[in-house]
Amino acid sequence: MAKAAAAESTAASTAAPPAAVLTISSKNYSSWSLRGFLLCRLAGLDVAEARVSADDPAIRAELLLQSSSFLVPRLDHEGLRIWDTLAIAEYLHELKPEAGLLPRDRAARAHCRSISGEMHSGFANLRSALPMNLKAHHPGFKVWSGAQGDIVRILAIWTECLKTYGGPYLFGPAPTLADAMYAPVCARFTTYDVPLDARSRAYCKTMLALPAMKEWTTAAREEPDEMEELDVEF
Numbered sequence: 686m687a688k689a690a691a692a693e694s695t696a697a698s699t700a701a702p703p704a705a706v707l708t709i710s711s712k713n714y715s716s717w718s719l720r721g722f723l724l725c726r727l728a729g730l731d732v733a734e735a736r737v738s739a740d741d742p743a744i745r746a747e748l749l750l751q752s753s754s755f756l757v758p759r760l761d762h763e764g765l766r767i768w769d770t771l772a773i774a775e776y777l778h779e780l781k782p783e784a785g786l787l788p789r790d791r792a793a794r795a796h797c798r799s800i801s802g803e804m805h806s807g808f809a810n811l812r813s814a815l816p817m818n819l820k821a822h823h824p825g826f827k828v829w830s831g832a833q834g835d836i837v838r839i840l841a842i843w844t845e846c847l848k849t850y851g852g853p854y855l856f857g858p859a860p861t862l863a864d865a866m867y868a869p870v871c872a873r874f875t876t877y878d879v880p881l882d883a884r885s886r887a888y889c890k891t892m893l894a895l896p897a898m899k900e901w902t903t904a905a906r907e908e909p910d911e912m913e914e915l916d917v918e919f
């Protein structure tokens, strides 16, 4: 029995590492980590998670820059290292085109890339005024005027997509890259009680009910409070 236990222990210690590892930061605060996680789930890529502490000085420095291009999330897969959310998305699309991260139709695909890129590089006022915090709820929250313009633009994007492609997701019956990019916004609108039209409210409800989104939110709410509430996005 002792020999069997020793052999089992040796086998476990020499087991091959997972084929894919997604490095993330806080599940409660990190909208970019959430996007990377959703992209892997939507693509059907099984990943192990590695956690970088948000108290790490390098991560803190990046937070202060309010940049959307960090080294988290980072996907390590079959000897390759891919960072930046859009780069991860394009890699996953090449790896698993059948998953439909990008629409089949060329025009829809270009549209999807365009609004995803707009989310990736824009909406700085929204990021500052409504940082992601899945544990919090602020009913009646007053949104300052600078962020209101970002909200109006996002709702216009959603309305156009949902009308054009029929919903319930931005590009039709299945979630795509665009939905992963805008999922944290759905969480923000809920946290800060942002008034929404019926179509946008239904879209947020659809996104928050996505199994991968529910999995992430549950884990975020169980996450230890390792740091003070952040007033910037990462």
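Under the numbering used here, the first residue of the sequence shown carries the number 686, and numbering increases by one thereafter.
Ideal placement from N, C-alpha and C gives every residue a C-beta, glycine not left out.
Taking Cβ to Cβ, would you say residue i is nearer than 8 Å to residue j?
i, j, result
"residue 781", "residue 862", "no"
"residue 876", "residue 818", "yes"
"residue 732", "residue 706", "yes"
"residue 786", "residue 728", "yes"
"residue 867", "residue 857", "no"
"residue 716", "residue 880", "no"
"residue 878", "residue 808", "no"
When you compare only the Cα positions, how much space is there between residue i and residue j?
i, j, result
"residue 899", "residue 892", "9 Å"
"residue 763", "residue 769", "18 Å"
"residue 771", "residue 802", "8 Å"
"residue 794", "residue 842", "15 Å"
"residue 796", "residue 852", "15 Å"
"residue 710", "residue 905", "11 Å"
"residue 824", "residue 783", "41 Å"
"residue 896", "residue 829", "32 Å"
"residue 805", "residue 798", "10 Å"
"residue 708", "residue 810", "27 Å"
"residue 848", "residue 865", "19 Å"
"residue 860", "residue 888", "11 Å"
"residue 792", "residue 718", "28 Å"
"residue 712", "residue 726", "15 Å"
"residue 778", "residue 788", "10 Å"
Looking at C-alpha atoms only, which residue of the options is the closest neighbour of residue i?
i, options, result
"residue 907", "802, 704, 714 and 854", "714"
"residue 821", "864, 722, 733 and 902", "902"
"residue 813", "849, 800, 799 and 832", "832"
Here's the rule: buried if 16 or more other CB atoms are within 10 angstroms of the residue's CB, otherwise exposed. What is residue i?
i, result
"residue 885", "buried"
"residue 738", "exposed"
"residue 790", "exposed"
"residue 890", "exposed"
"residue 837", "exposed"
"residue 765", "exposed"
"residue 759", "buried"
"residue 834", "exposed"
"residue 721", "buried"
"residue 761", "buried"
"residue 910", "exposed"
"residue 816", "buried"
"residue 736", "exposed"
Rounded C-beta distance between residue i and residue j? I'm assuming under 8 Å.
i, j, result
"residue 882", "residue 840", "7 Å"
"residue 767", "residue 724", "Not really, about 11 Å apart at Cβ, beyond 8 Å."
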